[in-house]
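*Asks:* Here's a structure for you.
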Amino acid sequence: MSNTHPPVRNVLYIMCDQLRRDYLSCYGHPHLHTPNIDRLAAAGVRFSRAYTQGTICGPSRMSAYTGRYVSSHQVAWNAVPLPLEELTLGDYLRPHGIRTALVGKTHATPNLDALQRLAIDPESAQAEVLNEVGFEPYFRHDGIYPDDPVFDDKRESAPYTHYLRDLGYQGRNPWHDWANAGAGEQGQILSGWKMRNAHLPARVAQEHSETVYTTDRAIDFISEQGEQPWCLHLSYIKPHWPYIAPAPYHALYGPEQVIPAVRAAPGQLSDHPVYAAFRQHEESLNFSRDEVRLNVVPTYMGLIKQVDDQLGRLFDFLQSNGRWDDTLIVFTSDHGDFLGDHYLGEKEFLLEPAVGVPLIVRDPRTAADSSRGTVDERLVETIDALPTFLEALGLPGPSIAWKAAR
């Protein structure tokens, strides 16, 4: 991308959570058709060898937001706060009048010790910008509110909690009891955290689910901006587990559409102690059983299909109001999901299903016309999003010292 080209006006940075790149039809999945993500790929460049900097939500996202490696920004696990001296995307864009907002998840954790040390009022606007790692929280939804008292404050402050209650989804934890749980034959609540319940429809109506509401809020933000420039981080919680989907997405796919797990042949499994330890994690032991994979993976596919349908709504909206023609769109994920590959579950171990992510970039400018619909096989990393955004917007890039210290 050359600085001689006129800058784009807006940036739409779309990130899914725990989305494997090979579970999209444009990346070759034989049964899961994602026409709207494919549509974006046909209008842009699809990268076949894109990698994240961490297979845990927090470290990966802090790398994406700062453009720096985990070893530099030091957020090595979830719930570790980003050092206040780290510059993020919003720090680069706000001085130029570009509203930089969040709709969805960041996994950012307030750095309360640093705020106290610097005598910054934790309730101030300055603290909010720092706590939200540079984003204006137009609608923050980290989307993990287990039925545990330790999450009470986080759950009660979440807009989605109040949205559900206003619609009549009552209870102490409507996120769990309605959006992420099914119903038993006697009406009992069956938690989506239990993989045995993955085949059930979520108790929430599809139109009130997390993915739809997140898309609604993104459309609201873009509508409100009018002709003013913006950068929106649209960050879906799904298909991150709990593996439970609202009807009809819970039943779109079946066991016959589950692709076989990638596993070593009998007698060839590595006996490395670290790998062996990860295979003993509860989720790994569960996903090593074929009956679990055949129950869970169809629901994982349904969650992805719902995201794709909602992206279709969003893309149609962008085209109808003229923003499709002046907005740089990037689609990616924070990490993947093993789903039983290599006898593993979740994503912590550094193998391809976890560290490889989808990456699609659509530049709206005519200079990019010759690259539309192409596949780039070069090795790329998600930390390159930040400097790419700055260049596309015609803004000064990070300093040479910043680049040297990535």
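Read in order, the letters of the sequence shown correspond to residues 11 to 416 in this note's numbering.
Note that CB positions come from ideal geometry on N, CA and C, so glycine has one too.
1. In the DSSP assignment, the alpha helix (DSSP H) including His296 goes from what residue to what residue?
2. I need the straight-line Cα distance from Arg273 to Leu349, nearest angstrom please.
3. Just how far apart, CA to CA, sit Asn13 and Leu403?
4. Rounded to whole angstroms, what's the CA-CA distance from Gly322 to Arg104? Just pull it up for me.
5. Looking only at its own chain, which residues have a Cβ that is under 6 Å from the Cβ of Ile370, when we skip the five neighbours before and after it?
6. According to DSSP, what are the bridge partners of Thr110?
7. Nearest CA to the CA of Val18: which residue from Arg333, Gly366, Pro258, Gly277?
8. So if DSSP puts Ile339 in a beta bridge, which residue, or which two residues, is it bridged to?
9. Cα-Cα, which of Ser35, Asp373, Ala191, Asn331 is closest to Gly202?
10. Can the beta-carbon of Leu112 be found closer than 7 Å to that of His243?
11. Identify the continuous beta strand (DSSP E) that holds Tyr148 and give its terminal residues.
12. Could you check whether Arg71 and Val367 sit closer than 7 Å to each other, using their CB atoms as the reference points?
13. Which whole-angstrom value is the C-beta distance of Leu99 and Thr110, which I expect to be below 8 Å?
14. Taking the beta strand (DSSP E) that Phe325 belongs to, which residues open and close that run?
15. Taking the straight line between their C-alpha atoms, what separation do you get for Arg78 and Pro408?
16. Can you have a look at His121 and say buried or exposed, based on whether 16 or more other CB atoms are within 10 angstroms of its CB?
*Replies:* Answer, in terms of the structure:
1. By 1-based counting over the sequence shown, the position of residue 296 is 286. Note on residue identity: the sequence assigns Asn, not His, to residue 296. In this chain, the alpha helix (DSSP H) harbouring Asn296 covers 292–297.
2. The residue you call residue 273 lines up with position 263 of the sequence shown. The residue you call residue 349 lines up with position 339 of the sequence shown. Each residue's Cα considered, the two are about 11 Å apart.
3. Sequence index remark: in the sequence shown, residue 13 carries index 3 (1-based). Sequence index remark: in the sequence shown, residue 403 carries index 393 (1-based). Low local confidence applies: a pLDDT of 48 at Asn13 is under 50, so the model's placement there is unreliable, and no value is given.
4. As a working note, residue 322 is residue 312 in the sequence shown. As a working note, residue 104 is residue 94 in the sequence shown. CA-to-CA, the gap between Gly322 and Arg104 works out to about 29 Å.
5. Against the sequence shown, residue 370 aligns to sequence position 360. Hits under 6 Å: Leu50, Ala51, Gly54, Arg56, Phe341.
6. Start at 1 with the first residue of the sequence shown, and residue 110 comes out as number 100. For Thr110, DSSP records a beta bridge to Cys241.
7. As a working note, residue 18 is residue 8 in the sequence shown. Taking only the C-alpha atoms, the option nearest Val18 is Arg333.
8. Your numbering for residue 339 matches position 329 in the sequence shown. Under DSSP, Ile339 forms a beta bridge with Leu22, Arg372.
9. Taking the first residue of the sequence shown as 1, we reach residue 202 at position 192. For the set Ser35, Asp373, Ala191, Asn331, the Cα lying nearest the Cα of Gly202 is the one of Ala191.
10. For the purposes of this step, residue 112 is taken as the residue at position 102 of the sequence shown. For the purposes of this step, residue 243 is taken as the residue at position 233 of the sequence shown. The Cβ atoms of Leu112 and His243 sit closer than 7 Å to each other.
11. Start at 1 with the first residue of the sequence shown, and residue 148 comes out as number 138. Unbroken beta strand (DSSP E) run through Tyr148: 146–150.
12. Your numbering for residue 367 matches position 357 in the sequence shown. Your numbering for residue 71 matches position 61 in the sequence shown. Judged by their CB atoms, Val367 and Arg71 are not nearer to each other than the 7 Å cut-off.
13. Taking the first residue of the sequence shown as position 1, residue 99 is located at position 89. Taking the first residue of the sequence shown as position 1, residue 110 is located at position 100. The C-beta distance from Leu99 to Thr110 rounds to 6 Å, short enough to meet the 8 Å contact threshold.
14. Locating residue 325 in the sequence shown gives position 315, where the first residue counts as 1. If you look at Phe325, you'll find it isn't in any beta strand (DSSP E); it sits in the alpha helix (DSSP H) that goes 300–330.
15. For the purposes of this step, residue 78 is identified with residue 68 of the sequence shown, where counting begins at 1. For the purposes of this step, residue 408 is identified with residue 398 of the sequence shown, where counting begins at 1. Taking the straight line joining both Cα atoms gives about 11 Å.
16. For the purposes of this step, residue 121 is taken as residue 111 along the sequence shown, with counting starting at 1. It should be noted that the sequence gives Asn, not His, for residue 121. Label assigned to Asn121: buried.
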